[in-house]
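Residue numbers (our numbering): 239 to 390.
Dropping the structure here:
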């Protein structure tokens, strides 16, 4: 055997198969394995764009959550006040209690009488306006019969 044959790695092949030359797997001369600077910069740019999009989605969902929470509190406060106005005998127009909602909420009740065949104040219109201070106001309207005030 020659010296080159002894130095070359041993090749084992299955009958009828050809061995692939080892040179085909080698890198071109002068080139090291790994990523180039351009490839790394492109990968960072793609990740930054995806991160920016996710950040925008997060900010939008936070605003939507805050608005939904305000709406939930406002509707609950208005419904409670409307129920109280129907139950309390002799309740009047004016500010309502916002102790349940906490500080920063404004609540106003307006009661109007409508004359009818049963008397000068046969029908009672109720209007409850609720809102966070400096925010949007929500309005809830209802009707009650003064003759039935105090009854559930």
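The beta carbon of each residue, even a glycine, is placed where N, CA and C say it ideally should be.
- In this structure, residue 319 places its C-beta atom within 8 Å of the C-beta atom of residue 345.
- Nearest neighbour of residue 358 by Cα position, chosen from 366, 333, 342, 385, turns out to be 385.
- Setting aside the 5 residues that flank it on each side, residue 331 is surrounded in the same chain by 347, 348, 349, each with a C-beta closer than 7 Å to its C-beta; the list follows chain order.
- The residue among 387, 304, 370, 286 with its C-alpha nearest the C-alpha of residue 361 is 387.
- For residue 374, the number of other beta carbons within 10 angstroms of its own is below 16, and it is reported as exposed.
- Residues 365 of the same chain have their beta carbon placed closer than 6 Å to that of residue 379, with the five preceding and five following residues left out of the count.
- Here the alpha carbons of residue 307 and residue 382 stand approximately 29 Å from one another.
- Residue range 357-370 is occupied by the beta strand (DSSP E) that includes residue 360.
- A straight-line Cα-Cα distance of about 8 Å links residue 377 and residue 316.
- Straight across, the Cα-Cα distance linking residue 339 with residue 311 is about 7 Å.
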